[in-house]
Amino acid sequence: MKVLIAYDGSKSAKAVLTDVARAGLPPEGEAVVFSVADIWPPSESAPDPRLVRAVPSLARAHARAKKILAAAGESARRGAAAVQASLPGWRVRAESAADSPAWAIFKKARDLKADLVVVGSQGRSVLARWTLGSVSQKVLMECPASVRVSRPPQRTGGPLRILLAVDGSQDAETAVDRVLKRTWPAGTLVRVMAVADDRLSGSVLKVPALARWARPTDTDPRAWLGRLVESVENRLSQKGLAASGRVRPGDPKKVLLDKAVRWRADMVFLGARGLTRWERTFLGSVSTSLAVHAPCSVEVVRRFPGV
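Numbering (my numbering), first residue to last: 106 to 412.
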């Protein structure tokens, strides 16, 4: 597994380091801790003395840019040391760059062929403005890899609580597989939830892949969702996880967010896209809403890992 961790040394980014240790990552893998200085890349050499004489501020600007880039490098090294301590079996290295943060993250994820990109919910101004209103949201929406938005734990003590949203789509099924393949502490709780609004309840009639959940005798258009949730619950239980399932009516954005808040979930897993062409962003819009508003970490899973 290959993970790209965007880190800028801010309070939010430090929560990323704590969250990575709780994300159920396998015993071995490769991680790059990446810090971006949001500046124009400074040249390796000092400005031409003739230009400095004409524009004295050039030398100061060059020195400042070099200092900011060096700070980004130091931030990445500190972050890498913390990740290595929490994931001792992993190959961890630090990298930094001067670039537009979102673009730099895209390029690094592509070069690394990352399975997962981890970002904080907020950032700092100069090293990188990684906030969900700007860079983190752009990464969440456009990065081809799965993206995890990390937040500090809502509580201390007790078993981990994972909220897993399902709707029968390929990305949601991949989210189920992701949870199954991770390494979780004993006693981890998983709540499987499907939210039945009118669009999702009727999707079984429009999407051939969902036909296996339907029965000719069904009178309730949501019955297939109950079978889907039960199947996922059984698979999780067979892996030793304490799983339970629910089907709830309503708006998925509101219902899932309310559950994450009331249950004090540690993390949410859900697919990046939904069921059909006419509603490709069904879970996509839900995932964005949860990533912005949830008080816990949110992992948005895409079907095809690597960039």
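Note that beta-carbon positions come from the ideal geometry of N, C-alpha and C, so glycine has one too.
Residue interval of the beta strand (DSSP E) (run including Val240): No beta strand (DSSP E) holds Val240; the alpha helix (DSSP H) holding it covers 240–247.
Answer yes if the region 261–269 comes into contact with the region 289–297, meaning at least three C-beta pairs across the two stretches below 8 Å, and no otherwise. yes
How about Arg253 and Val223: are their beta carbons less than 8 Å apart? yes
Put Pro354 into one of helix, strand or coil per three-state DSSP. strand
Rounded distance between the beta-carbons of Leu245 and Thr393, thought under 8 Å: 7 Å
Measure the Cβ-Cβ separation of Val138 and Gly184 and say whether it is below 8 Å. yes
In its own chain, which residues sit with a C-beta less than 6 Å from the C-beta of Arg353, not counting the 5 before and 5 after it? Val300, Val360
Per-residue burial, Thr279 [other beta carbons within 10 Å of its own, 16 or more giving buried]: buried
Residues that Val108 bridges to, as DSSP identifies them: Ala136, Leu221
Leaving out five residues on either side along the sequence, give the residues of the same chain with a beta carbon under 8 Å from the beta carbon of Val334. Val271, Val297, Met298, Ala299, Gly350, Arg351, Val352
For a test of the three-state rule: what should DSSP assign to Lys292, helix, strand or coil? Contrary to the premise, residue 292 reads as Gly rather than Lys in this sequence. Reduced to three states, the DSSP call for Gly292 is coil.
DSSP three-state assignment for Gly376, whether helix, strand or coil: strand
Reducing DSSP to helix, strand and coil, say where Val300 ends up. strand
What are the boundary residues of the alpha helix (DSSP H) that Arg332 is part of? 328–343
Pull up the DSSP beta-bridge partners for Glu404, would you. Arg253, Phe374
Between which residues of its own chain and Ala199 is the CB-CB distance below 6 Å, once the five residues before and five after are set aside? Val138, Ala181, Arg182, Ala185
If you follow the alpha helix (DSSP H) that Val125 is part of, which residue opens it and which one closes it? 116–127
Coil, strand or helix - Ser205 by DSSP: coil
If Asp276 and Val403 are in contact, beta carbons under 8 Å, what's the gap, nearest whole angstrom? Their Cβ separation, rounded to whole angstroms, is 14 Å, which puts Asp276 and Val403 out of contact at 8 Å.
May I have the straight-line CA-CA distance separating Ala396 from Trp318, to the nearest angstrom? 29 Å
Assuming Leu269 is part of the beta strand (DSSP E), what are its boundary residues? 266–270
How close, in whole Å, do the beta carbons of Ala190 and Leu109 come, if the pair is a contact with beta carbons under 8 Å? Contact flag wrong, Cβ pair sits at about 19 Å.
Among the residues of its own chain, which have a CB less than 7 Å from the CB of Gly238, if the five just before and after it don't count? Reliability of the predicted coordinates at Gly238 is poor, the pLDDT of 47 falling under 50, and no value is obtained from them.
As a quick exercise: from Leu375, Glu338, Ala202, pick the residue whose alpha carbon is nearest that of Ala175. Ala202
Give a yes or no on whether the C-beta atoms belonging to Leu362 and His398 are separated by under 8 Å. yes
Leu232 to Lys119 span [Cα, whole Å]: Note that Leu232 has pLDDT 42, beneath the 50 cutoff, so the model's placement of it is unreliable and the number below is only indicative. Going by the C-alpha atoms only, they are around 14 Å apart.
Output the distance between the C-alpha atoms of Lys358 and Val391, rounded to the nearest integer angstrom. 5 Å
Which stretch, first to last residue, makes up the alpha helix (DSSP H) that contains Gln275? 275–286
Between the C-alpha atoms of Pro321 and Arg327, what's the straight-line distance to the nearest angstrom? 13 Å
From Arg287, Pro258, Leu315, pick the residue whose C-alpha is nearest to that of Ala370; which is it? Pro258
Which same chain residues end up closer than 8 Å to Thr288 when comparing Cβ atoms and leaving out the 5 residues on each side of it in sequence? Gly129, Leu130, Pro131, Pro132
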